[in-house]
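If you read the sequence shown in my numbering, its first letter stands for residue 39, the second for the next number, and so on. Yeah, the Cβ is synthetic: ideal placement off N, Cα and C, and Gly gets one too. Report on the following structure.
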Amino acid sequence: MDISTLKAQLAALSSQAGSHKDQADKYRSILELILQNQDTSICTECLKLFVEAIVNENVSLVISRQILTDVSTNLVNQPDEVAKPVSHFTLDKVQPRVISFEEQVASIRQHLAQIYEREENWRDAANVLVGIPLETGQKQYSVDYKLETYMKIARLYLEDEDPVQAESFINRASLLQAETKDETLQVHYKVCYARVLDYRRKFIEAAQRYSELSYKPIIDETERITALKSALICTPSWRKCTWTASSARWNFKTFPLSSNHIIRPLLSMVPLS
Numbered sequence: 039m040d041i042s043t044l045k046a047q048l049a050a051l052s053s054q055a056g057s058h059k060d061q062a063d064k065y066r067s068i069l070e071l072i073l074q075n076q077d078t079s080i081c082t083e084c085l086k087l088f089v090e091a092i093v094n095e096n097v098s099l100v101i102s103r104q105i106l107t108d109v110s111t112n113l114v115n116q117p118d119e120v121a122k123p124v125s126h127f128t129l130d131k132v133q134p135r136v137i138s139f140e141e142q143v144a145s146i147r148q149h150l151a152q153i154y155e156r157e158e159n160w161r162d163a164a165n166v167l168v169g170i171p172l173e174t175g176q177k178q179y180s181v182d183y184k185l186e187t188y189m190k191i192a193r194l195y196l197e198d199e200d201p202v203q204a205e206s207f208i209n210r211a212s213l214l215q216a217e218t219k220d221e222t223l224q225v226h227y228k229v230c231y232a233r234v235l236d237y238r239r240k241f242i243e244a245a246q247r248y249s250e251l252s253y254k255p256i257i258d259e260t261e262r263i264t265a266l267k268s269a270l271i272c273t274p275s276w277r278k279c280t281w282t283a284s285s286a287r288w289n290f291k292t293f294p295l296s297s298n299h300i301i302r303p304l305l306s307m308v309p310l311s
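Here's what the structure looks like:
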């Protein structure tokens, strides 16, 4: 479908009367034709025109929500060079009425964040997710959804080497983690929290968190060993201690630690059973 044909069909549909179901079905038929377009640039422009038409205030909100849900679902299957600009365009277009499209906006933002992750654009991915009104919107999000999203934002900020922002969002997750019954999410929270503490150089607390993880049977043995190594590396007692004669006192200096500094000496002291 080319752009001129699309414009004509959308204009004709907007002036037609009919039930919500009939009109929604007609919009879906047009969407299917757009998605069949093999030219990504034309497909992108057609999707933008389509989105602009369906979120128009002259279209019933019931229809707009249904069709925008279909758009967001189909964007996941589109190449990033189509999904990314269309997602941004859609978010801009619905912004004046964002409260009416919270569910659709959240879905689009989640996918857009995945695109930025693939590009290793960690900060933009985090910022896109921050735009989901988890606490202030009208939609009631589940505890697990909010917890998972906050942890993802924290992880993305860590990837961007911004532990301050990461700590802010892991603290929000802290208020929710006790409410979830999903043990996997609880483990992911502990891992993320330990990493944040580690980045923030709160080594004692980080060591405690890593140590807790090393005892979790739900975690793979290799990962538990990694957690134990991390706990040992964070332990503040492993410091280089030098005597400063002039001040007649101990001067502790933190030095870079690797598994070779710690793990090998410790393993040599562990009795073999």
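Pairwise C-alpha distance: Leu87 and Thr78: 14 Å
Environment of Leu185 [buried if 16+ CB atoms lie within 10 Å]: buried
Unbroken alpha helix (DSSP H) run spanning Phe88, endpoints: Thr78 to Ile92
Burial state of His58 (16 or more Cβ within 10 Å): exposed
Assigned exposure category for Cys213 - 16 Cβ within 10 Å defines buried: Per the sequence shown, the amino acid found at residue 213 is Leu instead of Cys. The residue in question, Leu213, is exposed, as its Cβ has fewer than 16 Cβ neighbours within 10 Å.
Segment limits, alpha helix (DSSP H) that includes Gln215: Gln215: member of the alpha helix (DSSP H) spanning Pro201 to Gln215, first to last residue.
Spatial distance of Val109 from Asn96 (CA atoms): 19 Å
Distance between His149 and Val229 (C-alpha atoms, nearest Å): Looking at the two C-alpha atoms, the distance is approximately 24 Å.
Residues near Ala144 in its chain [Cβ-Cβ closer than 7 Å; skip 5 each side]: Ile170
Reduced DSSP secondary structure (H/G/I, E/B, other) of Lys190: helix
Residues near Ile101 by beta carbon distance below 6 Å, same chain, minus five either side: Excluding sequence positions up to five before and after Ile101, its CB lies within less than 6 Å of the CB of His58, Gln61 and Ala62, all in the same chain and listed in chain order.
Pair within 9 Å by beta-carbon distance, Lys122 and Ile153: yes
Three-state class that DSSP yields for Asn112 in the structure shown: helix
Reference Pro117, options Tyr188, Arg156, Leu235 and Gln54, closest by Cα: The shortest C-alpha to C-alpha distance from Pro117 to any of Tyr188, Arg156, Leu235 and Gln54 is the one to Arg156.
Burial state of Asp236, where buried means 16 or more other Cβ atoms lie within 10 Å: buried
Arg161 versus Thr128, Ala46, Glu70 and Asp200, residue with shortest Cα-Cα distance: Asp200
Through-space distance from Gln224 to Leu196, alpha-carbon basis: 19 Å
Coil, strand or helix - Ser125 by DSSP: Here Ser125 sits in helix by DSSP.
Nearest-angstrom Cα separation, counted from Ile146 out to Ser125: 6 Å
CA-to-CA distance, Ala55 to Ala49, given in whole angstroms: So the two alpha carbons sit approximately 12 Å from each other.
C-alpha gap between Arg66 and Ile72, whole angstroms: 10 Å
DSSP-derived helix/strand/coil call for Trp276: Its pLDDT being 40, under 50, Trp276 is placed unreliably in this model, and the value from its coordinates should be taken loosely. Coil at Trp276, not helix or strand.
Local conformation of Gln176 per DSSP, three classes: coil
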